[in-house]
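Written out below as structure tokens is the structure these notes cover.
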Amino acid sequence: MSARVGFTASDAERQAADSAANYLNRALRILAERLYFEKVLERDPVGFAERFAPLLVALIEVQAREYQSWVLFERLGALNGTLQAASDDLAGCLDQTRGRP
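So, in structure tokens, the structure goes:
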């Protein structure tokens, strides 16, 4: 019996579907909490999602943009540190080339 190591395409699809479902459920809960409609969501989640579809879409779009902004900020911060270190190294090399200690 041999065990396969790693993920298959079906594993990735299942994970993506689970993530999307969890994200949608969280967005529905957030929306219901903000509108004080938790009971409506509990009774009829599909009806709630249909009724508030435009708000749900807007909420997901805003969250996606916020996440992208956060990732960009983090990556630029890391890049800034790398550029600063490279700049310091270059300055050190130039000082050595000019004979400065």
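Count along the sequence shown starting at 1, add 322, and that's the number in the numbering used here. Glycine is no exception: its CB is placed at the ideal position from the N, C-alpha and C atoms.
- prompt: When DSSP labels each residue in this structure, what does T330 get in the three-state scheme?
  reply: Along the sequence shown, one-based indexing puts residue 330 at 8. Coil, per DSSP.
message: Considering only their Cβ atoms, is the gap separating F374 from L353 smaller than 8 Å?
response: Working through the sequence shown from its first residue, we reach residue 353 at position 31. Working through the sequence shown from its first residue, we reach residue 374 at position 52. The answer is yes: Cβ separation under 8 Å.
- prompt: Any contact of the segment 377–387 with the segment 358–368, i.e. 3+ C-beta pairs under 8 Å?
  reply: no
- request: Kindly indicate which three-state DSSP category Y389 falls into: helix, strand or coil?
  value: For the purposes of this step, residue 389 is taken as the residue at position 67 of the sequence shown. In the structure shown, Y389 sits in a helix (DSSP, three-state: H, G or I).
field: CB contact flag (L350, P367, <8 Å)
entry: Within the sequence shown, numbered from 1, the residue matching residue 350 stands at position 28. Within the sequence shown, numbered from 1, the residue matching residue 367 stands at position 45. The answer is yes: Cβ separation under 8 Å.
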